[in-house]
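Input: a single structure, listed below in structure tokens.
Numbering (our numbering), first residue to last: 15 to 147.
See the structure below:
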């Protein structure tokens, strides 16, 4: 597996952030407070905040989602590492390839949240088989 070949980096259009919580628990308010603080700290770097219900896409837990502009990525991620309020946070690129974005290129702050395997199986790249096999 050692070699000198690497995949070309796909320039993401932007990044998505998902701040997970459990509905009706203190973690829901923590997620809201965190997202409000993020918007205040990076008003030009964050856009499109919305709630994502469990069962949408690969997400098995509700979360607050937003888009991170490419030029704010480093500052936002650094800030979240130090201010995560104990919440699980997913950061992934927006390349247009759902499999790559969620299964191959996710960044997690704190504990990863399991994805819906049925969703991921739908977007998994299919390997071409050899004829006759």
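C-beta: ideal position from N, C-alpha, C; glycine also.
Only a predicted model underlies this, so the values are computations on that prediction, with no experimental measurement involved.
(request) With DSSP collapsed to three states, give me the class of residue 107. (result) Numbered from 1 along the chain shown, position 93 holds the residue referred to as residue 107. In the three-state scheme derived from DSSP, where H, G and I count as helix and E and B as strand, residue 107 is classed as strand.
(message) Are the CB atoms of residue 28 and residue 83 within a distance shorter than 7 Å?
(response) The count along the chain shown starts at 1 and reaches residue 83 at position 69. The count along the chain shown starts at 1 and reaches residue 28 at position 14. The answer is yes: Cβ separation under 7 Å.
(request) Note down the Cα distance separating residue 36 from residue 43, rounded to an integer number of angstroms. (result) Here residue 36 corresponds to residue number 22 of the chain shown, with the count starting at 1. Here residue 43 corresponds to residue number 29 of the chain shown, with the count starting at 1. C-alpha separation (whole angstroms): 10 Å.
(request) Give the straight-line distance between the Cα atoms of residue 69 and residue 94, rounded to the nearest whole angstrom. (result) One-based indexing of the chain shown puts residue 69 at position 55. One-based indexing of the chain shown puts residue 94 at position 80. Approximately 25 Å between the Cα atoms of the pair.
(request) Grab me the residues of residue 56's own chain with a C-beta within less than 6 Å of its C-beta, minus the 5 sequence neighbours each way, in chain order. (result) On the chain shown, position 42 is the one that residue 56 refers to. So the qualifying residues of the chain are 86 and 90.
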